[in-house]
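K.L.:
Residue numbering for the sequence shown follows our numbering, beginning at 100 and increasing consecutively.
Each residue gets a CB set at the ideal place from its N, CA and C atoms; glycine is no exception.
Structure incoming, see below.
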Amino acid sequence: MWRPFSVRHGLFRRVLFLLIFLIILASCASADFLIDNDVKLTSTTNANHPSWSPDGTRIVYAANQAIWVMNSDGSGQKKLYDGMSWEGDPEFNEDGTKVYFATESKKAYSARYISIHVMDSDGSNSYKLTESSDSRAPSISPDGSRLVYTSRASGNYDMWVMDTDGTDRSRLTDAPGDESSPSWDPDGTSIVYSSMGDIFSVNVNGKGPLRLTDDPNNNIEPSYSPDGTMIAYASDIGGDYDLWIMDPTGNAHVQLTTDRYVQRAPAWSPDGKKIAYVSDRDGEYNIWVMDIRVEEIGFGIAEDIMEVQESEQSNSYAVKLKDYAASEPKKFIGIILLLSFGSVVFIVGSFMRKIS
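See the structure below:
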């Protein structure tokens with residue numbers, strides 16, 4: 100019995116839509132179209148906050164409540180500073196001669212607090228820049244003249260700026276929630292940061308802030324690319340934190356990682372071709388580095404991918420399918436190819452029956 104063409108045409112459209120959905124899902128699951136040479140650099144515990152030297156040859160990071168440095172290939176790991184208390188948030192200055200970081204401090208007969216320190220890049224000559232109230236997350240301006248950081252000097256964590264010697268301090272933002280993870284744009288005119296689960300941008304003259312993300316997920320730890328065209332960040336849109344890239348306006352987003360582990364704290368290499376980050380993929384939080392095919396990042400498909408992923412959150416079958424794609428990518432791609440072949444056979448067979 101021959102079916103009317105409109106019925107067959109509707110079936111064809113449904114099959115085609117399913118194939119497109121599966122192909123997009125497979126691309127998101129593997130992220131192979133954007134990432135090359137994803138390598139673990141450290142084998143420690145509680146590693147966090149990688150920061151590249153300006154020449155791209157070294158990475159400073161925090162691990163086990165101390166500040167460490169290593170070559171960009173993971174060799175030559177060396178402890179720079181360990182004050183026998185918490186230390187974190189390290190960052191090289193503009194010429195790689197100094198490292199700014201946060202550490203727990205204590206005055207006599209007073210409570211402990213977190214302060215910002217600076218030391219030479221070999222770990223010598225460390226001294227304190229802030230006093231009295233919690234201050235952390237230092238980020239150096241591209242010209243090396245100013246430092247943005249977060250401080251509880253006015254109650255909750257707000258954004259502050261000061262000269263790199265600790266003088267001329269002023270508050271940049273005043274929001275009801277805590278703010279964190281500031282990052283300068285390459286021309287030194289604006290700063291991106293996270294607050295209350297979203298990412299914002301503020302001009303250094305205080306104009307703004309401008310909200311770049313606005314969704315129910317936690318979007319954190321933004322980092323400007325060296326050319327200022329992209330912002331890497333972490334988001335828990337899929338459950339665990341993954342790495343994403345958006346344009347500086349926040350209007351386009353592309354997902355980099357999609358697995359069942361945590362990826363956070365992205366940091367661009369000076370040439371803009373690598374991202375250092377933190378992951379618990381091997382069971383402990385360590386520093387990893389991925390090569391990015393920057394020329395293949397197309398923001399045109401981003402909104403379609405976002406819509407697919409948002410619909411997955413309300414569809415348990417799609418979530419299970421995505422988990423299977425992430426855990427068994429080769430088998431999943433094989434299923435897609437088999438479905439594609441079957442669809443072609445079905446369409447050709449229908450056409451042959453019609454003309455016979």
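Determine the contact status of N302 and D277, defining contact as a CB-CB distance below 9 Å.
P.N.:
Here residue 302 refers to the residue found at position 203 when the sequence shown is read from its first residue. Here residue 277 refers to the residue found at position 178 when the sequence shown is read from its first residue. It is not a contact, given that the beta carbons lie outside the stated cut-off.
K.L.:
From the DSSP output, which residues share a beta bridge with M169?
P.N.:
The count along the sequence shown starts at 1 and reaches residue 169 at position 70. Answer by DSSP bridge pairing, in chain order: I158.
K.L.:
Per DSSP, what kind of secondary structure is E278 in: helix, strand or coil?
P.N.:
For the purposes of this step, residue 278 is taken as residue 179 along the sequence shown, with counting starting at 1. Of the three classes helix, strand and coil, the one that applies to E278 here is strand, per DSSP.
K.L.:
Between the C-alpha atoms of K197 and V217, what's the straight-line distance to the nearest angstrom?
P.N.:
By 1-based counting over the sequence shown, the position of residue 197 is 98. By 1-based counting over the sequence shown, the position of residue 217 is 118. Cα to Cα, the separation comes out at about 7 Å.
K.L.:
What's the call for M489, buried or exposed, on a 16-neighbour Cβ count within 10 Å?
P.N.:
Examination of residue 489 is not possible in this model, given that the chain is present from 100 through 455 alone.
K.L.:
Could you give the distance in angstroms between the alpha-carbon of Y384 and the alpha-carbon of D135?
P.N.:
Translated into positions along the sequence shown, residue 384 becomes position 285. Translated into positions along the sequence shown, residue 135 becomes position 36. Distance between the alpha carbons of Y384 and D135 is about 21 Å.
K.L.:
For R245, which residues of its own chain have a beta-carbon under 6 Å away from its beta-carbon, when the five flanking residues on both sides are left out?
P.N.:
Against the sequence shown, residue 245 aligns to sequence position 146. Setting aside the 5 residues that flank it on each side, R245 is surrounded in the same chain by V260, each with a C-beta closer than 6 Å to its C-beta; the list follows chain order.
K.L.:
For a quick check, are the C-beta atoms of S238 and Y248 less than 9 Å apart?
P.N.:
Position 139 of the sequence shown, counted from the first residue, corresponds to residue 238. Position 149 of the sequence shown, counted from the first residue, corresponds to residue 248. Closer than 9 Å, so yes.
K.L.:
Going by Cα to Cα distance, which pick from R268, I434 and T141 is closest to L228?
P.N.:
What you label residue 228 is simply residue 129 of the sequence shown in a count that begins at 1. It is R268.
K.L.:
S293 by DSSP, collapsed to three states: which one?
P.N.:
In the sequence shown, the residue the question calls residue 293 occupies position 194. S293: strand per DSSP, three-state reduction.
K.L.:
Pick helix, strand or coil for S439, following the three-state DSSP scheme.
P.N.:
As a first step, residue 439 is located in the sequence shown; it is residue number 340 there, counting from the start. Helix.
K.L.:
Along the chain, where does the beta strand (DSSP E) containing D390 start, and where does it finish?
P.N.:
To locate residue 390, count along the sequence shown from 1; it is residue 291. Segment N385 to I391, the beta strand (DSSP E) holding D390.
K.L.:
My understanding is that W151 touches S368, with C-beta atoms under 8 Å, so please give their C-beta distance in whole angstroms.
P.N.:
Counted from its first residue, the sequence shown places residue 151 at position 52. Counted from its first residue, the sequence shown places residue 368 at position 269. Contact holds; Cβ gap of about 5 Å.
K.L.:
State yes or no: is the beta carbon of S204 nearer than 9 Å to at least one beta carbon in chain D?
P.N.:
In the structure shown, chain D cannot be found, because there is only a single protein chain.
K.L.:
Would you mind working out which of D370, V353 and T143 sits nearest D154, comparing C-alpha positions?
P.N.:
To locate residue 154, count along the sequence shown from 1; it is residue 55. Nearest option by C-alpha distance: D370.
K.L.:
Output the distance between the C-alpha atoms of S410 and H352, rounded to the nearest integer angstrom.
P.N.:
Along the sequence shown, read from residue 1 onward, the residue named residue 410 stands at position 311. Along the sequence shown, read from residue 1 onward, the residue named residue 352 stands at position 253. Per-residue confidence for S410 stands at a pLDDT of 44, beneath the threshold of 50, marking its modelled position as unreliable; no derived number is given.
K.L.:
Can you check DSSP and say which residues form a bridge with S324?
P.N.:
For this step, residue 324 is matched to residue 225 along the sequence shown. DSSP, once it has assigned bridges, lists no residue as partnering S324.
K.L.:
If you reduce the DSSP assignment to three classes, tell me which class I344 lands in.
P.N.:
Position 245 of the sequence shown, counted from the first residue, corresponds to residue 344. Strand, per DSSP.
K.L.:
In whole angstroms, give me the CA-to-CA distance for V138 and V388.
P.N.:
On the sequence shown, position 39 is the one that residue 138 refers to. On the sequence shown, position 289 is the one that residue 388 refers to. V138 and V388: Cα-Cα distance of roughly 5 Å.
K.L.:
Compute the Euclidean distance between the alpha carbons of S300 and L438, then round it to the nearest angstrom.
P.N.:
For the purposes of this step, residue 300 is taken as residue 201 along the sequence shown, with counting starting at 1. For the purposes of this step, residue 438 is taken as residue 339 along the sequence shown, with counting starting at 1. Cα to Cα, the separation comes out at about 45 Å.
K.L.:
Is I336 helix, strand or coil by DSSP?
P.N.:
Translated into the one-based positions of the sequence shown, residue 336 becomes position 237. It is coil, neither helix nor strand.
K.L.:
With the cut-off set at 9 Å, would you say E193 and S240 are in Cβ contact?
P.N.:
Walking along the sequence shown from the start, residue 193 turns up at place 94. Walking along the sequence shown from the start, residue 240 turns up at place 141. Yes.
K.L.:
Drop a sphere of 10 angstroms on the beta-carbon of S234, count the other beta-carbons inside from all chains shown, and report buried for 16 or more, exposed for fewer.
P.N.:
In the sequence shown, counting from the first residue as 1, residue 234 sits at position 135. Per the 10 Å Cβ criterion, buried.
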